[in-house]
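**Q**
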Amino acid sequence: THAANSTARSLLCLLEGDAVVARKASAQGLARLAESGRAGRIASSKCGAVLPLMTAALAGNAGQRQAALDALGAIVRGSKDGRVVVGVASFGNGNGVASDANGARDPSTAR
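FYI, our numbering numbers position 44 of the sequence shown as 1129, with every residue one higher than the one before it.
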């Protein structure tokens, strides 16, 4: 999970950076990371990528918007293990816990 966290943070830096050409690629990278399994999905959501992806989905060119929407969908779906993450509750102190579609909390996601 350390590698997934590091990758997610690096991709987030690219997404938030000034290099417009890197935004689509970084959103695609976050989507691939989230689709890789549970650890990738958790890392993508916990690194703080959701709000920048939402911003990218509302701005930029069509390719950037689609890549951002795909990444958000991958974070929510969790295609490898079939779990759907509805949201990650943040408690203001950097701690968060993911919950699934039924509201069940996943204590392994707590920071």
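Heads up, the beta-carbon is just placed ideally off N, CA and C, and yes, glycines get one too.
What's the gap between the Cα of Arg1162 and the Cα of Gly1145?
**A** About 24 Å.
**Q** Could you give the C-beta distance for Ala1147 and Ala1112, rounded to a whole number, given that I count them as a contact under 8 Å?
**A** Wrong, their Cβ atoms sit about 13 Å apart, outside the cutoff.
**Q** Would Thr1092 be called buried (16 or more neighbouring beta carbons within 10 Å of its own) or exposed?
**A** It counts as buried.
**Q** According to DSSP, is Ile1127 helix, strand or coil?
**A** Here Ile1127 sits in helix by DSSP.
**Q** Taking C-beta to C-beta, are Cys1132 and Leu1099 nearer than 8 Å?
**A** No. Outside cutoff.
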